[in-house]
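A.B. asks:
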Amino acid sequence: MTNPPIIKYLTEDDAGKRLDVVLAQLFPEYSRSRLKLWIQQGHVLLNGKISQPKVKMAGDEQLALTIVEIESEVECQPEDIKLDIVHQDESIIVVNKPAGLVVHPAAGHYTGTLLNGLLFHAPDLQAIPRAGIVHRLDKDTTGLMVVARTLPAHNFLVNRIQRHDVLREYQAVVQGVMTGGGKVDAPIGRHPQDRIRMAIRENGREAVTHYRLIQRFRAHSHIRVQLETGRTHQIRVHMSHLHHALVGDPVYAGRQRLPAGISESFRQQLQAFPRQALHASKLMFEHPVSGEECEFEAPLPDDMVALLKTMHEDLTANK
Numbered sequence: 002m003t004n005p006p007i008i009k010y011l012t013e014d015d016a017g018k019r020l021d022v023v024l025a026q027l028f029p030e031y032s033r034s035r036l037k038l039w040i041q042q043g044h045v046l047l048n049g050k051i052s053q054p055k056v057k058m059a060g061d062e063q064l065a066l067t068i069v070e071i072e073s074e075v076e077c078q079p080e081d082i083k084l085d086i087v088h089q090d091e092s093i094i095v096v097n098k099p100a101g102l103v104v105h106p107a108a109g110h111y112t113g114t115l116l117n118g119l120l121f122h123a124p125d126l127q128a129i130p131r132a133g134i135v136h137r138l139d140k141d142t143t144g145l146m147v148v149a150r151t152l153p154a155h156n157f158l159v160n161r162i163q164r165h166d167v168l169r170e171y172q173a174v175v176q177g178v179m180t181g182g183g184k185v186d187a188p189i190g191r192h193p194q195d196r197i198r199m200a201i202r203e204n205g206r207e208a209v210t211h212y213r214l215i216q217r218f219r220a221h222s223h224i225r226v227q228l229e230t231g232r233t234h235q236i237r238v239h240m241s242h243l244h245h246a247l248v249g250d251p252v253y254a255g256r257q258r259l260p261a262g263i264s265e266s267f268r269q270q271l272q273a274f275p276r277q278a279l280h281a282s283k284l285m286f287e288h289p290v291s292g293e294e295c296e297f298e299a300p301l302p303d304d305m306v307a308l309l310k311t312m313h314e315d316l317t318a319n320k
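With the working numbering, letter number 266 in the sequence shown gets 267, and the count goes up by one each step, no holes.
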């Protein structure tokens with residue numbers, strides 16, 4: 002569906018700035034990647050003409066943006082999907098996402114997503130970009146996500162995430178015995194050979210992860226992780242980079258590390274663990290309307306609780 006163009010008039014404050022930068026400032030409710038796509042597709046006109054993202058502004062142009070909905074979003078229908086709502090008010094919804102739930106539609110996943118469920122739960126989200134989803138979790142990562150219910154709340158949360166003002170804390174079970182906590186500051190980009198994977202790359206986007214040891218076991222560690230940035234697969238890539246890949250990670254873990262003398266039941270549990278052992282356990286952010294500090298926590302899911310219980314038992318039995 003195509004909408005009438007939105008007209009904006011640039012001023013001298015915009016002079017010298019790139020078109021994609023100005024567009025992001027004028028339309029913060031949309032992601033930079035989407036705005037760039039609209040420029041490239043000719044849906045952004047400067048004085049009636051198609052331009053390029055890097056063109057510098059003079060500061061006296063007429064800018065026309067035509068909002069073009071993505072096919073997958075147009076077709077996205079509300080679905081009665083059970084959601085674990087931790088909190089909701091007129092501005093936000095906080096959801097505890099289960100493993101196996103895709104966040105929003107993409108190739109191969111046009112139904113059965115969190116976005117479909119949100120549209121059923123709160124039909125007003127149809128008017129918000131991406132149904133108010135401002136950050137994502139991988140399909141098999143569990144835990145907390147905040148969703149914006151209004152455009153002002155969406156703009157506010159996107160801005161706070163970009164400024165690293167939203168605390169996102171995770172718990173993970175990783176391979177190997179860590180000696181303590183630390184920080185990983187290594188840029189992440191698409192893997193040069195495998196397009197499904199991400200990798201540490203010099204020309205990648207900035208990615209910073211902080212981690213702290215909760216408990217070490219004989220061949221594994223339970224850690225707490227905080228993100229400064231939110232790159233695709235960031236924790237999974239950074240932990241693999243440290244040679245402490247997440248237990249169960251089908252993409253980055255490689256061969257399982259097993260402690261000597263492991264019981265057969267523990268071996269089977271590790272080898273059968275169905276996903277990366279990663280849970281978004283805590284969210285802290287400023288409420289977009291009241292300004293109060295919001296803090297939400299979600300307990301570890303049953304599969305991670307069971308895994309850690311077995312690791313405790315193995316550690317105790319082999320002291």
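Each residue gets a CB set at the ideal place from its N, CA and C atoms; glycine is no exception.
Along the chain, which unbroken stretches of the alpha helix (DSSP H) at least 4 residues long are found entirely within the stretch 31-67?
C.D. replies: You should have 33-41.
A.B. asks: Specify, as a first and last residue, the run of the beta strand (DSSP E) that residue 166 falls within.
C.D. replies: Looking at the DSSP string, residue 166 is not in any beta strand (DSSP E), and its letter there is neither H nor E.
A.B. asks: So, are the CB atoms of residue 289 and residue 92 less than 8 Å apart?
C.D. replies: It is a contact, given that the beta carbons lie within the stated cut-off.
A.B. asks: Run through DSSP, which three-state label would residue 186 get?
C.D. replies: The answer is strand: DSSP assigns residue 186 an E or B state.
A.B. asks: Consider the Cβ of residue 280: report whether some Cβ of chain B lies at a distance smaller than 8 Å.
C.D. replies: The chain labelled as chain B is not found in the depicted structure, where only one protein chain is given.
A.B. asks: Out of curiosity, what's the CA-to-CA distance linking residue 132 and residue 206?
C.D. replies: If you take the alpha carbons of residue 132 and residue 206, they lie about 26 Å apart.
A.B. asks: How many Å lie between residue 94 and residue 240 at the Cα?
C.D. replies: Roughly 30 Å between the two C-alpha positions.
A.B. asks: Using only alpha-carbon positions, find the residue among 179, 202, 237 that is nearest to residue 190.
C.D. replies: That would be 202, whose Cα lies nearest to the Cα of residue 190.
A.B. asks: If you scan the stretch 265-289 from start to end, which runs of the alpha helix (DSSP H) of 4 or more residues do you find wholly inside it?
C.D. replies: Qualifying alpha helix (DSSP H) stretches, in chain order: 265-273.
A.B. asks: Please report the Cβ distance between residue 300 and residue 100, rounded to the nearest whole angstrom; I am assuming they are in contact, meaning their Cβ atoms lie under 8 Å.
C.D. replies: Rounded, the Cβ-Cβ distance is 14 Å, inconsistent with contact.
A.B. asks: For the stretch 223-231 against the stretch 157-174, do three or more pairs of beta-carbon atoms, one drawn from each stretch, fall closer than 8 Å, so that the two count as touching?
C.D. replies: These segments touch.
A.B. asks: Along the alpha helix (DSSP H) that carries residue 122, what are the first and last residues, could you check?
C.D. replies: That run of the alpha helix (DSSP H) goes 115-122.
A.B. asks: Measuring straight from C-alpha to C-alpha, what distance separates residue 8 and residue 24?
C.D. replies: Between residue 8 and residue 24, the C-alpha separation is close to 12 Å.
A.B. asks: Can you tell me whether residue 97 is buried or exposed? The criterion is at least 16 other CB atoms within 10 Å of its CB, across all chains shown.
C.D. replies: Buried is the call here.
A.B. asks: Among residues of its own chain, excluding the 5 on either side of residue 102, which ones have a beta-carbon nearer than 6 Å to its beta-carbon?
C.D. replies: Excluding residues within five positions, the ones whose Cβ falls inside 6 Å are 115.
A.B. asks: For residue 269 and residue 305, what's the separation of their Cα atoms in angstroms?
C.D. replies: Those two C-alpha atoms are separated by around 15 Å.
A.B. asks: Can you tell which of 176, 199, 39, 232 has the C-alpha that lies nearest to the C-alpha of residue 218?
C.D. replies: Selected option, being the one with the closest Cα: 176.
A.B. asks: For residue 106, does the count of other Cβ atoms within 10 angstroms reach 16, so buried, or fall short, so exposed?
C.D. replies: So residue 106 counts as buried.
A.B. asks: Let me know if residue 222 comes out buried or exposed under the rule of 16 or more other beta-carbons within 10 Å of its beta-carbon.
C.D. replies: Residue 222 should be labelled buried.
A.B. asks: Excluding sequence positions up to five away, which residues of its chain have a Cβ less than 7 Å from the Cβ of residue 117?
C.D. replies: If we look at residue 117 and ignore the five residues flanking it on each side, its Cβ neighbours are 77, 78, 79, 80, 82.
A.B. asks: On the DSSP bridge assignment, give the partners of residue 314 in chain order.
C.D. replies: According to DSSP, residue 314 bridges with nothing at all.
A.B. asks: From this set, 209, 193, 216, 165, which residue's C-alpha is nearest residue 184's C-alpha?
C.D. replies: Here the closest residue by C-alpha is 209.
A.B. asks: Kindly give me the distance between the Cβ atoms of residue 15 and residue 58, rounded to whole angstroms, as I take these residues to be in contact under 8 Å.
C.D. replies: Contact flag correct, Cβ pair sits at about 5 Å.
A.B. asks: Taking only the alpha-carbon atoms, compute the straight-line gap between residue 136 and residue 17 and give it to the nearest angstrom.
C.D. replies: Their Cα atoms are separated by approximately 31 Å.
A.B. asks: Using the Cβ count rule (16 or more neighbours within 10 Å means buried), how would you classify residue 165?
C.D. replies: By the 10 Å Cβ count, residue 165 comes out exposed.
A.B. asks: Could you please give the first and the last residue of the uninterrupted beta strand (DSSP E) stretch that includes residue 201?
C.D. replies: Run containing residue 201: 199-201, per the beta strand (DSSP E) assignment.
A.B. asks: Taking the beta carbon of residue 246 as the centre, do at least 16 other beta carbons fall within 10 Å, making it buried, or is it exposed?
C.D. replies: Burial call: buried.
A.B. asks: Going straight from the alpha carbon of residue 160 to that of residue 292, what length do you get?
C.D. replies: If you take the alpha carbons of residue 160 and residue 292, they lie about 14 Å apart.
A.B. asks: Thinking C-alpha only, which one of 261, 194, 144, 313 is nearest residue 215?
C.D. replies: Ranking 261, 194, 144, 313 by Cα distance to residue 215 puts 313 first.
A.B. asks: Straight-line CA distance for residue 60 to residue 10?
C.D. replies: Roughly 9 Å between the two C-alpha positions.
A.B. asks: Between which two residues does the alpha helix (DSSP H) holding residue 89 run?
C.D. replies: Unbroken run through residue 89 is the beta strand (DSSP E), 86-89; no alpha helix (DSSP H).
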